[in-house]
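Asks:
What follows is the structure in structure tokens.
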């Protein structure tokens, strides 16, 4: 299973609810979990039956770049460096087409 959270405090905001806690995962966080899970799941060997959890928590983020692409690469690196049988690392990249030119990992404003 994959869990991905972009905590409010990573962008310098404090949740406004009564307990000052993070709530349920947002739609973007759920979709990012799927972005991480889809390329990694088929790379486990056939017959792999062990429960494996990947937890990605954004600790710090800026207002220009989306951390979801780095979460894909980070999850793959964590699996590759662990004792789990995972021999094929993957990497995430976002490609944007801006004014006829391809841009790697465009910022929020460039999209």
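In my numbering, the protein residues as written are 20 to 130.
Ideal placement from N, C-alpha and C gives every residue a C-beta, glycine not left out.
In this text the structure is predicted, and so the values were computed from the model without any measurement.
1) Helix, strand or coil, according to DSSP, for residue 122 in the structure here?
2) I'd like to check one pair, residue 80 with residue 92: are the Cβ atoms closer than 9 Å?
3) Just to confirm my understanding: we take residue 58, look at its own chain, exclude 5 residues before and 5 after, and list those with CB closer than 6 Å. What are they?
4) Give me the Cα-Cα distance between residue 96 and residue 76, rounded to the nearest whole angstrom.
5) Name the residue from 22, 43, 126 whose alpha carbon lies nearest to the alpha carbon of residue 85.
Replies: Let me spell this out:
1) If DSSP states are grouped into helix, strand and coil, residue 122 belongs with the strands.
2) Result no, Cβ atoms of residue 92 and residue 80 do not sit closer than 9 Å.
3) Taken in chain order, the residues that qualify are 109.
4) So the alpha carbons of these two residues sit roughly 15 Å apart.
5) Measuring from the Cα of residue 85, the nearest candidate turns out to be 126.
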